[in-house]
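Asker:
There are 2 protein chains.
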Amino acid sequence: MRNSLFEPVQNEIALVEEGIKAVADVEYPWLVELLGYIVNSGGKRVRPALTLLAGKLQGDANNDALIPVATGVELLHTATLVHDDTIDRSPRRRGKPTAASIWGWGIATLAGDYLFSKAAELVSQANSVRADRLFAQTLMALCTGELEEGFNSFDPNQNRENYFRRIGNKTASLFAMATESGGIVTNASEEAIDALSRYGYSLGMAFQIVDDIFDFTAGEEELGKPVAGDLLQGHLTLPTIILKEKHPADNPILDIFEHKQVEQNLDLVIQMIRNSGIVPECYDVAQGFVTDACQALDIFPGSPCRSKLFELADYVVQRRQ
Amino acid sequence: MRNSLFEPVQNEIALVEEGIKAVADVEYPWLVELLGYIVNSGGKRVRPALTLLAGKLQGDANNDALIPVATGVELLHTATLVHDDTIDRSPRRRGKPTAASIWGWGIATLAGDYLFSKAAELVSQANSVRADRLFAQTLMALCTGELEEGFNSFDPNQNRENYFRRIGNKTASLFAMATESGGIVTNASEEAIDALSRYGYSLGMAFQIVDDIFDFTAGEEELGKPVAGDLLQGHLTLPTIILKEKHPADNPILDIFEHKQVEQNLDLVIQMIRNSGIVPECYDVAQGFVTDACQALDIFPGSPCRSKLFELADYVVQRRQ
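Sequence order for the protein chains is A and B. According to our numbering, numbering within the first sequence proceeds without interruption in unit steps and concludes at 324. According to our numbering, numbering within the second sequence proceeds without interruption in unit steps and concludes at 324.
1) Between glutamate 183(A) and isoleucine 245(A), which are expected to be in contact by the criterion C-beta below 8 Å, what is the C-beta distance as a whole number of angstroms?
2) Give, in chain order, every residue of the stretch 145–161 of chain B whose Cβ lies closer than 9 Å to some Cβ of chain A.
3) Would you list, in chain order, the members of the stretch 101–114 of chain A that have their beta-carbon closer than 9 Å to a beta-carbon of chain B?
4) Under a three-way DSSP split, which group does proline 304(A) fall into?
5) Is it buried or exposed for leucine 300(B), if we count other Cβ within 10 angstroms and need 16 for buried?
6) Decide if lysine 249(A) is buried, meaning its Cβ has at least 16 other Cβ atoms within 10 Å, or exposed.
7) Does chain B have any CB closer than 7 Å to the CB of glutamate 124(A)?
8) Are at least three pairs of beta-carbons, each pair with one atom in the stretch 156–171 of chain B and one in the stretch 88–102 of chain B, less than 8 Å apart?
9) Quick check: the Cα distance between alanine 144(A) and asparagine 165(B), rounded to an integer number of angstroms?
10) If you follow the alpha helix (DSSP H) that histidine 86(B) is in, where does it begin and where does it stop?
11) For lysine 173(B), does the three-state DSSP call read helix, strand or coil?
12) Beta-carbon within less than 8 Å of alanine 139(B)'s beta-carbon, same chain only, minus the 5 sequence neighbours each way: which residues are those?
13) At which residues does the alpha helix (DSSP H) containing glutamate 149(B) begin and terminate?
14) Going by beta-carbon coordinates alone, are alanine 103(A) and threonine 83(A) separated by less than 7 Å?
15) Measuring CA to CA, which of Lys228(B), Glu314(B), Ile259(B), Ser127(B) is closest to leucine 94(B)?
16) For tyrosine 286(A), return the contacting residues in chain B, with the cut-off set at a CB-CB distance below 8 Å.
17) For arginine 323(B), name the three-state secondary structure that DSSP assigns.
18) Which residues in the same chain as asparagine 268(B) place their Cβ atom closer than 6 Å to its Cβ, once the five residues preceding and following it in sequence are excluded?
19) In chain order, what residues of the same chain lie with their CB nearer than 7 Å to the CB of alanine 231(A), ignoring the 5 residues before and after it?
20) What residue does the alpha helix (DSSP H) around arginine 387(B) start on, and which one ends it?
21) Any beta carbon of chain A sitting closer than 7 Å to that of arginine 5(B)?
22) If you draw a straight line from the alpha carbon of lysine 24(A) to that of leucine 60(B), how long is it in whole angstroms?
23) Cβ atoms of glutamate 77(B) and arginine 50(B): under 7 Å apart, would you say?
24) Does methionine 143(B) come within less than 7 Å of chain A when only Cβ atoms are used?
25) Kindly indicate if chain A contains any beta-carbon less than 7 Å away from that of serine 192(B).
26) Taking the alpha-carbon positions, what's the arginine 5(A) to leucine 56(A) distance?
27) First and last residue of the alpha helix (DSSP H) that includes lysine 121(B)?
28) With DSSP as the reference, label leucine 60(B) as helix, strand or coil.
29) Counting only C-beta atoms, is glutamine 264(A) closer than 7 Å to chain B at any point?
30) For aspartate 88(A), decide whether its Cβ has a neighbour in chain B, counting only Cβ atoms nearer than 7 Å.
31) Taking alanine 52(A) as the reference, give the member of Tyr286(A), Ile212(A), Ala179(A), Val282(A) with the closest Cα.
32) Taking proline 32(B) as part of the alpha helix (DSSP H), name the residues at either end of that continuous run.
33) Anything in chain B within Cβ reach of phenylalanine 167(A), meaning under 8 Å, just list it in chain order.
34) Between the stretch 16–35 of chain B and chain A, which residues of the former have CB atoms less than 9 Å from a CB of the latter, in chain order?
35) Suppose you measure from the CA of arginine 323(B) to the CA of serine 44(B); what does that come to, to the nearest Å?
36) Buried or exposed for glutamine 13(B), please, with buried defined as at least 16 other CB atoms from any protein chain shown within 10 angstroms of its CB.
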């Protein structure tokens, strides 16, 4: 995927990869091992690619500011995954044992903190207080989204409004930061920065909705975690919220939340979602966000980077994993 | 204590208190409760006072930059305490149940992350990339110190060099940031910024050494935790390192680290430290750092703020808790 979608910024992505590896170039051997393990655990690099494509949308831009910011965006994402895995006690991520399962959750928590601060330090290399502030506000939004998920789990009254707000915070805010910061550190106009933020936010919304569809339509092997894992953790997502809307009186969600015949009811939910119009309806909502994202790009003249941002938007709803 | 030592900046400390309270003014009721509980848990406000005194050392300074930075410094400290308590599974802090013991460690971890980012956002209000970068680097140092403590626990070869490096990272870096950032955001000269950093760092070293002395000389009630708690967690501090230096062949530390007759050996260590020259020797080392701190202030003309920074340095070694 990277080769085609990231083509206009492939040299820059290579520099970001170097920057990510360099995070583990530290004084202490035990820290080299810990950080090296975490930062070399893969990832599709979608978010730094967004920063780079956004930064180069209006012509050649200064890499001195753009590369550290793109690297910081990816590291911020990595740090949140480390904390998510620690909080959820996940044994594996991307086919490898998580840091928490190897080093324990105390060390993993501190490693996540370290990566947050390293990400902030990288962003500060762009010499833009505005980018620094956006970074801080984005991390606040990410935490708010995750906290809302924690506080509202197993609440059967979760609705579309809560859901959109929650995924806006926990996912779309980081996509928005990725593109917006690309504009900020290349001195784009306010109009352009605003458009880039809107593109990233809408793309992130679509991305999360499609992820939440996969949670019901994909197999356990593809997901790398149990099918309908969100529901088991008490989180309603778009497919289950639509199910509730369509069957307010007779749906098995409340039984699952009350721990009644969980396995049987879970199978029922999965079948009700798969064998109904719910999946296409969710894709329609995701497609609406993709359309928003693409419309935001209208103000920019045609260019290879703009074409790739359009392709990326389509990829988000067309991908199979 | 606050009334006398913080006298030249008492109006500003009141503004910092307001800023700390305002952290809980957020949209979501559950987040208001969580953040309100954490930020209203007290604290002596030594670190923000240092920022304010440093910022006003050379005359009246712009509060618009200084107040948010001082507030951010205190919140950074608060966030690290939340994560420390979560990692250590501490049930109480300052006489109140910890956030982790009320909301669970997942929520507490996220609350700490939120406070880190809120602290960064406050610092960014000073519109100084240099202060933003210092903030990020300080958090990296704090994490490195805590990680080193985690990785080297129960290693009987911990020595003075490790110890000074570790407390330099986990404690003195934040004191140095407190004073240095006060200089940075009030546009002090490079010489002044450097001197403020040296003052804060040395003060922080003395502060931690005295804390580590208390761990052996104070009672459990005063400490709010078990006597010699560090040793029980496998951390050697200056008193035990000196004990090892004085009795390389026959000291009970190795037995404790190997979990042999822990209670009996712990009593022996406490007695060996209390009834020897070790405590005065540790105070001498702390006093050396206080002298360094005060010397750093030589370049500044006499002023009420400078006098208070001298008094604060003396207070650090003379305090009884």
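Ideal Cβ placement from N, Cα and C applies to all residues, glycine included. Predicted, not measured: the structure shown is a model, and the values here were computed from it.
Answerer: Reading off the structure:
1) Their Cβ separation, rounded to whole angstroms, is 30 Å, which puts glutamate 183(A) and isoleucine 245(A) out of contact at 8 Å.
2) Leu145, Cys146, Thr147, Glu149, Leu150, Glu151, Gly153, Phe154, Asn155
3) Trp106, Gly107, Trp108, Gly109, Ile110, Thr112, Leu113, Ala114
4) coil
5) buried
6) exposed
7) Chain B, which has a Cβ nearer than 7 Å to the Cβ of glutamate 124(A), makes this yes.
8) no
9) C-alpha separation (whole angstroms): 38 Å.
10) 66–91
11) helix
12) Excluding sequence neighbours, alanine 139(B) sits near Ala123.
13) 132–155
14) no
15) Here residue 94(B) is proline; the residue named in the question, leucine, does not match the sequence. The shortest C-alpha separation from proline 94(B) is found at Lys228(B).
16) Per Cβ cutoff of 8 Å: no residues; tyrosine 286(A) is ~30 Å from chain B at best.
17) coil
18) Pro255, Asp258, Ile259
19) Asp218, Phe219, Leu269, Val272, Ile273
20) The shown model of chain B, from 4 to 324, leaves out residue 387(B), and the question about it has no answer.
21) Here arginine 5(B) scores only 47 on pLDDT, less than 50, and its place in the model should not be relied on; the value that follows carries that caveat. So, not an interface residue.
22) 42 Å
23) yes
24) yes
25) no
26) Interpretation of arginine 5(A) is limited by its pLDDT of 47, a score under 50 that renders its predicted location unreliable; the figure taken from the coordinates is listed afterwards. The alpha-carbon atoms of arginine 5(A) and leucine 56(A) are separated by roughly 13 Å.
27) 108–127
28) coil
29) Judged by the 7 Å Cβ criterion, glutamine 264(A) is not in contact with chain B.
30) no
31) When only C-alpha atoms are compared, the closest one is Ala179(A).
32) Note, proline 32(B): alpha helix (DSSP H), 32–42.
33) Within chain B, no residue comes near phenylalanine 167(A); the closest Cβ sits about 15 Å away, beyond 8 Å.
34) Val29, Glu30, Tyr31, Trp33, Leu34
35) Their backbone Cα atoms lie some 21 Å apart in a straight line.
36) exposed
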